[in-house]
Structures are given as structure tokens and as C-alpha cells.
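A.B. asks:
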Amino acid sequence: MRRWRALMVLGTAQFLMVLDTSVMNVSISQLVEDFDTEVTTIQAVITLYALVMAAFMVIGGRLGDILGRRRLFFLGLMVYGTGSALTALAPTVWVLALGWSVIEGLGAAMVLPAMAALVAESYRGPDRAVAYGVIGGLAGAGIAVGPLLGGWVTTYLTWRLVFAGEVVVVVAMLCCRRVITESRRAEPRPRLDGVGAVLSAAGLGLGVLGVLQSSTWGWVSPRNPPFTVLGFSPTLFVVGAGVGVLALFVRWERRRDAQGEDPLVHLPLLGRPALRSGLLTLLGQNLILLGLFFVIPLYLQVVQGFDAFETGLRLLPVSITMLVASMLASKLGRAVGPRTIVRLALATLAVAIVWLLATIDPVIDDAQFAGAMALVGVGTGLLASQLGNVVQSSVGEEERSEVGGLQFTAQNLGSALGTALIGSILLGALAHAFTAYVEDDPRLSESARTQTGVALESGISFVTTDQVRSAAADAGLPPSEVDAVTESYASAQLNGLKAAILATGGVTLASFLVTPNLPGGGKSRTGARGKTTAPAPSAGPTR
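The opening residue of the sequence shown carries number 0 in numbering that gives the first Met the number 0; numbering runs sequentially from there.
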């Protein structure tokens with residue numbers, strides 16, 4: 000077990016950072032009550048956390064080369080622990096935003112790229128594949144366990160205990176710092192590209208902000224934005240501004256590279272087929288997983304009426320099978336090659352999504368639902384077992400921190416797109432189906448159809464049927480028409496959920512298009528320059 004002590008610390012860090020977000024998502028209603036605020040305010044706090052992570056992940060990766068990966072990892076843990084302590088004690092929502100969204104977000108942007116590089120440095124050959132399989136499985140386990148743990152603690156104790164517990168875990172990891180080692184590098188360390196850092200953070204921040212706010216602002220027609228641009232929603236304009244800033248960033252980086260100066264990102268890295276395919280598949284993996292984890296809790300909590308803890312229990316099969324599959328498949332990938340495993344994973348996910356579609360009914364079949372979710376875990380576990388190793392094995396030792404930043408940037412972009420795009424599809428399908436049901440229902444009068452149409456023009460939300468019934472009654476509709484509107488909305492809910500889940504299936508199939516350049520041979524791996532090299536010998540942590 001001595002050789003796996005480093006992985007225990009690094010894996011704990013990965014699990015902790017993913018668990019954190021999951022817990023916050025299921026604690027929204029309690030946070031609203033505790034801070035006497037609105038849901039939109041807490042959602043803004045969660046959005047800010049995602050923005051900080053996305054904006055500073057590339058910078059965090061570069062700092063690993065400048066300061067040293069081990070030093071940055073533990074420095075980031077201290078920053079993260081400070082943010083967790085402030086969050087646990089937060090007296091106001093603004094202190095919560097400072098502690099969780101800003102300080103914890105910055106800490107995570109320092110820890111995660113360094114963690115990815117340290118795994119690659121600490122393990123070689125088959126051990127490295129196993130290590131990345133465990134890391135990937137723990138990431139998925141954190142996503143699935145978060146609702147269960149957060150729901151239980153929030154329901155029966157207080158959400159503050161989760162963040163206080165994080166401080167204890169961080170202190171324990173800091174006490175184990177000697178098990179993490181890093182080899183000395185003789186070459187001069189690079190300097191931070193300040194202009195590139197600003198352009199990167201601004202471009203990624205604007206792009207992710209636009210995507211995350213699309214469900215609130217609307218993509219084209221304004222829904223509830225803080226401002227409009229020529230009568231349109233600002234979403235596409237904000238995303239476009241982010242793309243424009245990133246274009247400036249690319250030009251700046253190429254200029255620095257041509258002048259022999261240290262860039263923030265060596266753009267030729269993205270020209271390596273295996274690395275590019277690995278990053279795109281990572282983006283797709285998180286888009287699918289976070290899209291499903293946006294839709295499924297709505298089905299369980301809003302349609303079925305389960306509380307946060309009951310919801311977490313029904314998501315537990317994903318956590319278990321994902322962790323097991325990722326650990327078992329890490330060695331299998333060595334024999335048959337990552338490309339085969341990734342394609343098998345995508346095929347498994349496609350089958351799981353079809354099965355999941357069949358379980359979306361007014362009354363849940365717990366056995367069928369558990370089976371579908373377990374198969375989702377198998378598919379995502381197979382993916383997670385390969386992609387971290389593919390990305391890190393595509394580059395040389397000196398590039399690992401930089402690629403770690405790109406790796407977690409891709410994952411954060413996938414998470415943002417999963418929540419935003421799948422959420423938009425859900426609400427769009429809900430509105431379309433509800434309109435069609437209302438128009439076709441002979442029990443509704445023309446006046447009721449008109450009132451419903453006016454209400455839909457002001458926007459639609461995924462709410463319980465009881466809330467729809469109350470709203471229809473408050474609008475003065477007779478009881479028979481209240482029942483008709485409520486039944487139409489209930490049917491539209493299921494249609495919207497199925498459309499959103501089907502969209503994740505479309506992303507799954509589209510992900511096959513980026514798999515051809517993944518390493519295919521079980522006897523070789525992609526080396527630092529994209530060439531096939533012999534597998535490195537197995538070794539424990541570098542000492």
C-alpha cells in the first residue's frame with residue numbers, strides 16, 4: 000500500500016472538490032431560508048464559483064510550472080481550506096460568495112491542475128492507468144454522493160457542517176504532505192504571461208457566464224436579462240465577446256511564442272491529435288454527466304416529490320458502478336487500448352440513456368430506474384478510467400501542469416454546457432408541449448387558452464403541478480379547467496424531461512466523432528510528441 004499513499008491524498012482532493020459543488024446544489028432552498036434571500040441570489044453564487052474555476056484553471060496550470068506542482072498543490076489546499084472555513088461561518092450571503100465562490104474557486108483552480116500532473120509524475124505504466132482510473136471514478140462518485148450526503152446533512156443537521164468537515168479533511172491532507180513528492184527540474188522556470196492570463200481569464204469567464212446564464216436570460220428572445228442588446232437577449236453577445244477575447248488571446252500567445260518568450264499556453268499542444276481528442280471527449284463526458292444530473296434531480300424532486308436525501312439515495316447506483324467500472328477498466332485499457340474502451344463507454348451510455356427514457360413515467364419504477372442509473376455509472380466510469388491518462392500521456396514531463404489546466408478547463412466547459420444547454424432544451428420542450436396540450440384540450444375555453452398563452456410569454460419554469468394548480472385557481476379558472484391545465488402541464492413535464500435526456504443521447508453519439516485519434520493499441524501509448532513509444536516501466540512515487 001505504500002506506493003498508493005500519494006494517490007490517497009490526491010484522490011481525496013479530487014473527491015472533495017467535486018463533492019463541494021454537489022452539496023451546494025442540493026442545499027439551495029435551505030440557503031435561501033438561512034440568509035433570507037432569493038433563489039436567484041444563491042444561483043448567482045453557484046454561477047460565480049463556476050466562473051472563477053473556469054477563468055483561472057489555465058493560469059493555475061501554468062503556476063504549477065513556475066512555483067512547482069507540489070508547492071502549488073498544498074498552497075491551493077490552504078486557500079481552499081480557508082474558503083471552506085469562511086463558508087461554514089458565513090453570516091451573510093456576500094461572505095458566502097467570498098468564501099465559497101471566490102476563495103474556494105481559486106483554491107480549486109490551483110489544486111486540480113497540479114493534482115493531475117502529480118498523478119502522472121508519481122506513477123508510471125500500468126500504475127498510472129490505475130491511478131487515473133481511480134481519480135476519474137472518485138470525481139464521478141463525488142457528483143453522485145454529493146446529493147445524498149448534502150441532502151442528509153442539510154435535512155437533519157446543517158449544511159455548514161459539510162464545509163467545516165472539509166476544513167478537517169484539508170488539515171489531514173496537509174499533515175500527509177510528505178507522501179507527495181516531485182522530482183527536481185534543472186531548467187529555468189518560466190515566467191507568468193500577465194497579458195495572456197488576463198485575456199484567458201476574461202475570455203473564458205465571459206464565455207462561461209453567457210452559457211450559464213442562458214437559461215435565465217434566454218438565448219435569443221429576452222426572458223429575464225439585466226439588459227437587452229437591440230431588443231435581443233445578451234446571451235449570444237456575451238458569449239461572442241468571450242470568443243473575441245479568446246481570439247485576441249490566441250494571437251498574443253502566438254506572438255510571444257514567435258518571439259521566444261514564455262506563453263501562458265503553448266498552442267501547438269492542441270495540434271496533437273491524441274491530446275485534442277482526449278480534451279474534446281472530456282468536454283463531452285462532463286456535458287453528458289452534468290446534463291443528466293441537472294435533469295434527473297428535477298424528475299425525482301419536482302415530479303416525484305422526493306426530498307434531497309431520497310433523491311440522493313436513488314442516485315447512489317451511479318456512484319457505486321462508476322467507481323467500480325473506472326477501477327476495473329483502467330487495466331483493461333492497457334490491453335485493448337483507450338479508443339476501444341471509450342467507444343464501449345459511449346455505446347454503454349447510449350443504451351443507458353434509452354433505458355432511462357423508458358423509466359420517465361408519472362409513477363417511478365424504482366428497480367428499472369436504479370438499473371438505468373447503474374448503467375449510466377458503468378458508461379461514465381469506463382470513460383473516466385481512460386481520459387485523464389490519455390491527456391497526460393500525450394505530453395512530456397515539462398508540459399503536464401499546463402495540460403492539467405487545459406484538462407480541467409475542458410471539464411468545466413463541459414459542465415457549464417451540460418447545465419445550460421440541457422436546461423434550455425428542457426424548458427423549450429416543456430413550453431412547446433404545454434402550448435400544444437392546451438391548444439388541443441377540448442375542456443379548455445378560449446379564455447383559458449388566452450390566459451395560459453399570456454403566462455407562457457412571460458417565461459416558463461419547471462415547477463410542481465401543485466404550483467400550477469394554485470396559479471390556475473388564482474387566475475379565476477373554474478375547477479374543471481384548473482384540472483385540465485394541471486394535467487396538460489404534468490404531461491408536458493414528462494415530454495420536456497424526455498427531450499432533455501434524449502439530447503444527452505445526441506451528445507453521446509456525437510462524441511464518437513472525436514474518438515478516431517485516441518490511442519488505439521494496447522501495447523503502446525502516445526508520447527510527448529504524438530509518436531508511439533514503448534510504455535514506461537511501472538514505478539511507485541518519485542522520491
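Note that beta-carbon positions come from the ideal geometry of N, C-alpha and C, so glycine has one too.
CA-CA distance, Arg468 and Val481?
C.D. replies: About 6 Å.
A.B. asks: Within 10 Å of its beta-carbon, does Phe226 have 16 or more other beta-carbons around it, so buried, or fewer, so exposed?
C.D. replies: When all chains shown are included, Phe226 counts as exposed.
A.B. asks: Figure out for me which residue from Thr86, Val168, Leu76 and Thr91 has the closest Cα to the Cα of Leu111.
C.D. replies: Cα-wise, what sits closest to Leu111 is Leu76.
A.B. asks: Thr11 by DSSP, collapsed to three states: which one?
C.D. replies: Reduced to three states, the DSSP call for Thr11 is helix.
A.B. asks: Tell me which residue opens and which closes the alpha helix (DSSP H) that Thr280 is part of.
C.D. replies: Unbroken alpha helix (DSSP H) run through Thr280: Pro272 to Leu297.
A.B. asks: Run the CB neighbour count on Thr16, radius 10 Å, all protein chains shown included, and call it buried at 16 or more, exposed below.
C.D. replies: In the sequence under discussion, the amino acid at residue 16 is Met, which differs from the Thr named in the question. Buried, since its Cβ has 16 or more Cβ neighbours within 10 Å.
A.B. asks: Do you know how far the Cα of Val210 is from the Cα of Ser414?
C.D. replies: When rounded, the distance between both Cα atoms is 10 Å.
A.B. asks: Going by CA-CA distance only, name the one from Val152, Ala200, Val207 and Arg69 that's closest to Thr46.
C.D. replies: If we check each option's Cα against that of Thr46, Val207 comes out closest.
A.B. asks: Go ahead and label Val169 buried or exposed: buried means 16 or more other beta carbons lie within 10 angstroms of its beta carbon, across all protein chains shown.
C.D. replies: Flag for Val169 reads buried.
A.B. asks: If we count the other Cβ atoms within 10 Å of its Cβ and call it buried at 16 or more, is Asn24 buried or exposed?
C.D. replies: By the neighbour-count rule (16 or more Cβ atoms within 10 Å), Asn24 is buried.
A.B. asks: So, helix, strand or coil for Arg123, using DSSP?
C.D. replies: Strand.
A.B. asks: Kindly list the residues whose CB is nearer than 8 Å to the CB of Gln13, restricted to its own chain and excluding five residues on each side of it in sequence; keep chain order.
C.D. replies: Around Gln13: Leu111, Met114, Ile134, Leu137, Ala138 and Gly141.
A.B. asks: Excluding five sequence neighbours on each side, which residues of the same chain lie with their C-beta closer than 7 Å to the C-beta of Ala491?
C.D. replies: Leu429, Ala432, Phe433 and Tyr436, listed in sequence order.
A.B. asks: Can you check whether the C-beta of Ser444 is within less than 8 Å of a C-beta belonging to chain C?
C.D. replies: No chain C is part of this structure, which consists of one protein chain only.
A.B. asks: Got a sec, what are the start and stop residues for the alpha helix (DSSP H) Phe433 sits in?
C.D. replies: Element bounds for Phe433: Arg399 to Asp439.
A.B. asks: Classify Thr91: buried if its beta carbon has 16 or more other beta carbons within 10 angstroms, exposed otherwise.
C.D. replies: Exposed.
A.B. asks: Starting from Cys174, trace the alpha helix (DSSP H) both ways and give me its first and last residue.
C.D. replies: Counting along the chain, the alpha helix (DSSP H) containing Cys174 begins and ends at Arg159 to Cys174.
A.B. asks: Ordered along the chain, which non-local residues of its own chain (more than five positions away) have a Cβ less than 7 Å from that of Ala351?
C.D. replies: Cβ within range, chain order: Ala371, Leu374, Val375 and Gly378.
A.B. asks: What number of angstroms, rounded off, separates the C-alpha of Leu66 from the C-alpha of Asp360?
C.D. replies: Approximately 54 Å, taken between the alpha carbons.
A.B. asks: Relative to the C-alpha of Ala383, which residue among Ser213, Thr280, Trp99 and Tyr122 is closest?
C.D. replies: Nearest option by C-alpha distance: Thr280.
A.B. asks: Please classify Asn223: is it buried, with 16 or more other beta-carbons within 10 angstroms of its beta-carbon, or exposed?
C.D. replies: That one is exposed.
A.B. asks: Compare the Cα-Cα distances from Val8 to each of Gly204, Val44, Ser121 and Gly104 and report the closest residue.
C.D. replies: Minimum Cα distance to Val8 is reached at Ser121.
A.B. asks: Using a 10 Å radius around the Cβ and a threshold of 16 neighbouring Cβ atoms, would you call Trp93 buried or exposed?
C.D. replies: Its Cβ having fewer than 16 others within 10 Å, Trp93 is exposed.
A.B. asks: Contact between the stretch 226 to 236 and the stretch 197 to 206 is defined here as three or more beta-carbon pairs at a separation below 8 Å; is this criterion met?
C.D. replies: Contact between the stretch 226 to 236 and the stretch 197 to 206 is absent, because fewer than three Cβ pairs lie under 8 Å.
A.B. asks: Does the distance from the C-beta atom of Ser100 to that of Val51 stay below 8 Å?
C.D. replies: Contact flag set, yes.
A.B. asks: Which same chain residues end up closer than 7 Å to Ala116 when comparing Cβ atoms and leaving out the 5 residues on each side of it in sequence?
C.D. replies: Cβ neighbours of Ala116 beyond the five flanking positions: Gly63, Arg68, Arg399, Ser400 and Gly403.
A.B. asks: Starting from the C-beta of Val194, find all residues in its chain whose C-beta is less than 7 Å away, skip the five residues before and the five after it, and write them out in chain order.
C.D. replies: Contacts found: Trp251.
A.B. asks: Hey, would you say Leu269 sits closer than 8 Å to Arg253, going by beta carbons?
C.D. replies: Against a cut-off of 8 Å, the Cβ pair of Arg253 and Leu269 comes out as no contact.
A.B. asks: Closest by CA to Thr81, which one among Leu71, Ala89 and Gly98?
C.D. replies: Cα-wise, what sits closest to Thr81 is Gly98.
A.B. asks: Within 10 Å of its beta-carbon, does Gln258 have 16 or more other beta-carbons around it, so buried, or fewer, so exposed?
C.D. replies: Its Cβ having fewer than 16 others within 10 Å, Gln258 is exposed.
A.B. asks: DSSP three-state label for Phe231, please.
C.D. replies: Reduced to three states, the DSSP call for Phe231 is strand.
A.B. asks: Grab me the residues of Gly150's own chain with a C-beta within less than 8 Å of its C-beta, minus the 5 sequence neighbours each way, in chain order.
C.D. replies: Val25, Asp306, Ala307, Phe308, Glu309, Thr310 and Gly311.
A.B. asks: Less than 8 Å between the C-beta atoms of Arg342 and Phe511, yes or no?
C.D. replies: Yes; because the gap between Cβ atoms is below 8 Å, this pair is in contact.
A.B. asks: Could you work out which residue in Ser392, Asp33, Ala357 and Leu356 is closest to Pro125 when comparing CA atoms only?
C.D. replies: Nearest C-alpha to Pro125: Ser392.
A.B. asks: With respect to the alpha helix (DSSP H) encompassing Tyr343, which residues constitute its N-terminal and C-terminal limits?
C.D. replies: One detail in the question is off: residue 343 reads as Leu in this sequence, not Tyr. Pro337 to Thr358 is the span of the alpha helix (DSSP H), which, as asked, contains Leu343.
A.B. asks: Would you kindly check if the distance between the Cβ of Thr507 and the Cβ of Leu348 is under 8 Å?
C.D. replies: Yes, the pair counts as a contact, with Cβ atoms nearer than the cut-off.
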